[in-house]
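There are 2 protein chains.
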Amino acid sequence: MRVQLIGFGNIGQGLAHVLLKKGNSLKKKHGLDIKIVSISDITGTVANDKGVDLKRALDVMGKTGKLIKYPGAKKMSGLEAIEKIDADVVIEATVSNVKTGEPGLSHMLAAMKQKKHVVTSNKGPLALKFKKLQSTAEKNGVEFRFEASVGGAMPILNLARNCLSGDEVLAIRGILNGTTNYILTRMLKEESPFDIVLREAQELGIAEADPSYDIDGIDTASKLVILANAIMGADAAFKDVRIQGIRNITPEAIKLAEEGGYAVKLIGEVSGSHLEVSPRLVPLNHPLNVEGALNVATFETDVAGEVTIVGKGAGSIETNSAILSDLIGIRGAERRKRQ
Amino acid sequence: MRVQLIGFGNIGQGLAHVLLKKGNSLKKKHGLDIKIVSISDITGTVANDKGVDLKRALDVMGKTGKLIKYPGAKKMSGLEAIEKIDADVVIEATVSNVKTGEPGLSHMLAAMKQKKHVVTSNKGPLALKFKKLQSTAEKNGVEFRFEASVGGAMPILNLARNCLSGDEVLAIRGILNGTTNYILTRMLKEESPFDIVLREAQELGIAEADPSYDIDGIDTASKLVILANAIMGADAAFKDVRIQGIRNITPEAIKLAEEGGYAVKLIGEVSGSHLEVSPRLVPLNHPLNVEGALNVATFETDVAGEVTIVGKGAGSIETNSAILSDLIGIRGAERRKRQ
Numbered sequence: 004m005r006v007q008l009i010g011f012g013n014i015g016q017g018l019a020h021v022l023l024k025k026g027n028s029l030k031k032k033h034g035l036d037i038k039i040v041s042i043s044d045i046t047g048t049v050a051n052d053k054g055v056d057l058k059r060a061l062d063v064m065g066k067t068g069k070l071i072k073y074p075g076a077k078k079m080s081g082l083e084a085i086e087k088i089d090a091d092v093v094i095e096a097t098v099s100n101v102k103t104g105e106p107g108l109s110h111m112l113a114a115m116k117q118k119k120h121v122v123t124s125n126k127g128p129l130a131l132k133f134k135k136l137q138s139t140a141e142k143n144g145v146e147f148r149f150e151a152s153v154g155g156a157m158p159i160l161n162l163a164r165n166c167l168s169g170d171e172v173l174a175i176r177g178i179l180n181g182t183t184n185y186i187l188t189r190m191l192k193e194e195s196p197f198d199i200v201l202r203e204a205q206e207l208g209i210a211e212a213d214p215s216y217d218i219d220g221i222d223t224a225s226k227l228v229i230l231a232n233a234i235m236g237a238d239a240a241f242k243d244v245r246i247q248g249i250r251n252i253t254p255e256a257i258k259l260a261e262e263g264g265y266a267v268k269l270i271g272e273v274s275g276s277h278l279e280v281s282p283r284l285v286p287l288n289h290p291l292n293v294e295g296a297l298n299v300a301t302f303e304t305d306v307a308g309e310v311t312i313v314g315k316g317a318g319s320i321e322t323n324s325a326i327l328s329d330l331i332g333i334r335g336a337e338r339r340k341r342q
Numbered sequence: 004m005r006v007q008l009i010g011f012g013n014i015g016q017g018l019a020h021v022l023l024k025k026g027n028s029l030k031k032k033h034g035l036d037i038k039i040v041s042i043s044d045i046t047g048t049v050a051n052d053k054g055v056d057l058k059r060a061l062d063v064m065g066k067t068g069k070l071i072k073y074p075g076a077k078k079m080s081g082l083e084a085i086e087k088i089d090a091d092v093v094i095e096a097t098v099s100n101v102k103t104g105e106p107g108l109s110h111m112l113a114a115m116k117q118k119k120h121v122v123t124s125n126k127g128p129l130a131l132k133f134k135k136l137q138s139t140a141e142k143n144g145v146e147f148r149f150e151a152s153v154g155g156a157m158p159i160l161n162l163a164r165n166c167l168s169g170d171e172v173l174a175i176r177g178i179l180n181g182t183t184n185y186i187l188t189r190m191l192k193e194e195s196p197f198d199i200v201l202r203e204a205q206e207l208g209i210a211e212a213d214p215s216y217d218i219d220g221i222d223t224a225s226k227l228v229i230l231a232n233a234i235m236g237a238d239a240a241f242k243d244v245r246i247q248g249i250r251n252i253t254p255e256a257i258k259l260a261e262e263g264g265y266a267v268k269l270i271g272e273v274s275g276s277h278l279e280v281s282p283r284l285v286p287l288n289h290p291l292n293v294e295g296a297l298n299v300a301t302f303e304t305d306v307a308g309e310v311t312i313v314g315k316g317a318g319s320i321e322t323n324s325a326i327l328s329d330l331i332g333i334r335g336a337e338r339r340k341r342q
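Heads up: the protein sequence lines correspond to chains A and B, in order.
When we follow the numbering used here, the leftmost residue of the first sequence carries the number 4, and every step to the right adds one.
When we follow the numbering used here, the leftmost residue of the second sequence carries the number 4, and every step to the right adds one.
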């Protein structure tokens, strides 16, 4: 399987680490022989028809932060790499942009038109143009997989599609953003105000310098749109979500809730055609009440009742669990086609 | 899809209810046209090549508790039905027997030899003869699916196999028995001794008249063996599990644990080649700490880290979520073969 990696930040470098560590076992166990034929970041592209030297690429990034410093790297953009280099799969792992979807959206569409399967962790383009991406994939007869775009290592999409296939999903409720969960958990434990806990989280690298993407619910809303479209067959976009963040939550409110048997969590909910992100009371003994930076989602279904999945919502290594299972899924789909 | 149902108790009748309610939507959504061509219980068999009248069968069971009272029912055993009646799939849902595996074991082997796929909720035969069942299925080119045998509506097997396919599962820890979870939860909330809570659970129908199967860890151990074999490629049997139940747990011990930040739960654990069922301390804020009759399992994996799934471990309707997803899986496998 010839793979192009577009974006070589947190997740892309994590993939390189994972392949170095267990590439051989993937080959043995799944017959999945992943060869990274090119890596692109914003500075350039490294290509090698026999497989890029991943260890060297990681070294270069560790030392310089710029892929162009890799000996022999070209000033070729990700888009050019997709259009010019022969490959079976494009992994799109650039930074998410929920306003324009770019550059991920162009990368994905170009890859599909080149008859390349697409695997992505990049939610922006999906929150904006899900139907267009899905129909472009179908038209070009390629797979489009995005387990890593929601909930990181928590396999929420494949769970609904492969494990609850006989069920009708009536509603999904979840904590889809680890940063807000971390902040609300610390506010409860320390009885500290929002601003102080946020600053602490920023110092620890859990919250961004500009935290609004997380704490104002934008990240959760993007993921919610993907869930609604992919699992419940909706045709929703980011603008359809009613969003309220956690800036106004006080430690007093959290304390009061706890005394009543509840935790305050930023919950994304899709129920029928209603999409909402808002702080909610979750019973302390409900499986949705998970602490720290964990992600969680509860499916309400017609046959199984409530099914809940919990996992790490982020992580350079962890998120690649989703990317690997998508690659294995693509290999299965390709085999079925060939038969 | 021509299906034979062997066993018409809690789960079998639940399937009839589910098919009456959503048979049409399964046809529309998945192209899955399930026709129950025979139902057998211990009293006899009802067969109809055009599909048994499920509503009538439920009525007869509701009124008499004996399938033989169905007009036209024959004194034909489940085994004979499997051998004589033409079908694609056998659903084995008789009562589990962890000593001999019978009659389920003979039913499953006979079905496979008749080139019929097998779906089952019956853990006894799997805890005793997993490899034999698996190899018989392979030899006869049929599917063998048993999602309902562990954790009821909690899709634990398909989660590991389909959603964490790129991960190596290093260990599994879980509450696999709802009755013990209910009892331990009540002991905590009411500060009542084991005997009293057990009697209460028996009155509510949550614990059996002979409760040892649940509270002595036998049920959990059976499920653990299935997980070890199916997910971690072990060749384990019931006798390989170190088992300790919850009879000796006192409310004082539970109280003490809670003060220290822990809950006492009957945990089944498979880690490497070690299989153990025993009461364990679970941190109150860990996703494994679920209350009431819920089931839960945490996978420890090499890439994703910890992933936890929570769901209803039993239930006449709920468990059929697993049976439906297995039937849909078989249909997918058949299609792939035909291509």
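Using N, Cα and C, we set each Cβ at its ideal position, and we do this for glycine too.
If you're wondering where the values come from, they're calculated on a predicted model, not measured in any experiment.
Check	Outcome
Could you list which residues in chain A have their beta carbon closer than 7 Å to that of residue 271 of chain B, in chain order?	The contacting residues do not exist; residue 271 of chain B stays about 18 Å from chain A at best.
Please report the distance separating the alpha-carbon of residue 81 of chain A from that of residue 233 of chain A.	26 Å
Indicate whether at least one CB of chain B lies closer than 8 Å to the CB of residue 29 of chain A.	yes
Could you give the DSSP three-state label for residue 173 of chain A: helix, strand or coil?	strand
Would you mind listing the beta strand (DSSP E) stretches within the segment 270-311 of chain A that are 3+ residues and don't spill past its ends, in chain order?	277-286, 297-304
Compare the C-alpha of residue 104 of chain B against each of B:125, B:90, B:259, B:117 and name the closest.	B:125
Mind pulling the beta strand (DSSP E) runs of 3 or more residues that sit fully within the segment 143-217 of chain B?	172-178
Using the beta-carbon count (16 or more within 10 Å), is residue 18 of chain B buried or exposed?	buried
Is it right to say residue 290 of chain A is buried, meaning 16 or more other beta carbons lie within 10 angstroms of its own, or is it exposed?	buried
Please tell me whether residue 339 of chain B has its Cβ less than 8 Å away from any Cβ of chain A.	yes
Going along chain B, which residues have a C-beta under 8 Å from residue 237 of chain A?	Within 8 Å Cβ-Cβ: nothing; residue 237 of chain A doesn't reach chain B, min ~16 Å.
Please list the terminal residues of the continuous alpha helix (DSSP H) segment that includes residue 338 of chain A.	323-341
Opposite residue 62 of chain A in the DSSP bridges: which residues?	Answer by DSSP bridge pairing: none, since residue 62 of chain A is not bridged.
Name the one or two DSSP bridge partners that residue 90 of chain B has.	Looking at the DSSP assignment, residue 90 of chain B forms no beta bridge with any residue, so it has no partner.
Going by beta-carbon coordinates alone, are residue 278 of chain A and residue 243 of chain A separated by less than 8 Å?	yes
Give the DSSP bridge partners of residue 120 of chain A, in chain order.	A:92
Under DSSP, the beta strand (DSSP E) around residue 37 of chain B begins and ends at which residues?	From DSSP, residue 37 of chain B is part of no beta strand (DSSP E); its letter is neither H nor E.
Could one say the Cβ of residue 354 of chain B lies closer than 8 Å to chain A's Cβ atoms, at least one of them?	Nothing about residue 354 of chain B can be reported from this structure: the residues present for chain B run from 4 to 342 only.
Which of the three DSSP states, helix, strand or coil, is assigned to residue 234 of chain B?	helix
According to a CB-to-CB cut-off of less than 9 Å, which residues of the segment 167-179 of chain B neighbour chain A?	167, 168, 169, 170, 171
Excluding five sequence neighbours on each side, which residues of the same chain lie with their C-beta closer than 7 Å to the C-beta of residue 35 of chain A?	4, 29, 330, 331, 334
When DSSP builds the beta bridges, which residues end up paired with residue 250 of chain B?	Answer is none; residue 250 of chain B lacks a bridge partner.
Identify the contact partners of residue 320 of chain B in chain A, using a Cβ-Cβ distance below 7 Å as the criterion.	306
Quick check on this structure: which residue in B:119, B:115, B:228 has the alpha carbon closest to the alpha carbon of residue 176 of chain B?	B:228
Per DSSP, what are the beta-bridge partners of residue 77 of chain B in this structure?	B:48
Got a sec? Which residues, its chain only, sit under 7 Å from residue 117 of chain A by beta carbon, not counting five neighbours each side?	85, 86
With residue 14 of chain A as the anchor, note down where its alpha helix (DSSP H) starts and where it stops.	13-33
Less than 8 Å between CB atoms is the rule here; does residue 315 of chain A satisfy it with respect to chain B?	yes
Give me the chain A residues within the contact set of residue 13 of chain B, using Cβ-Cβ distance strictly less than 7 Å, ordered along the chain.	Residues of chain A passing the Cβ test: none, with the nearest at roughly 15 Å.
Interface residues of chain A around residue 331 of chain B at Cβ under 8 Å?	168, 169
Check whether chain A comes within 8 Å of residue 45 of chain B, counting only Cβ atoms and requiring the distance to be less than that.	no
Between residue 94 of chain A and chain B, is there a C-beta pair that is closer than 8 Å?	no
Just the Cα atoms here: how many angstroms apart are residue 66 of chain A and residue 265 of chain B?	44 Å
Distance cutoff 8 Å, beta carbons only. Does residue 162 of chain B sit that close to anything in chain A?	yes
Who are the neighbours of residue 327 of chain B on chain A, taking C-beta pairs under 8 Å?	168, 169, 170, 306
Given a cut-off of 8 Å, decide if residue 180 of chain B and residue 123 of chain B are closer than it, judged by their beta-carbon atoms.	no
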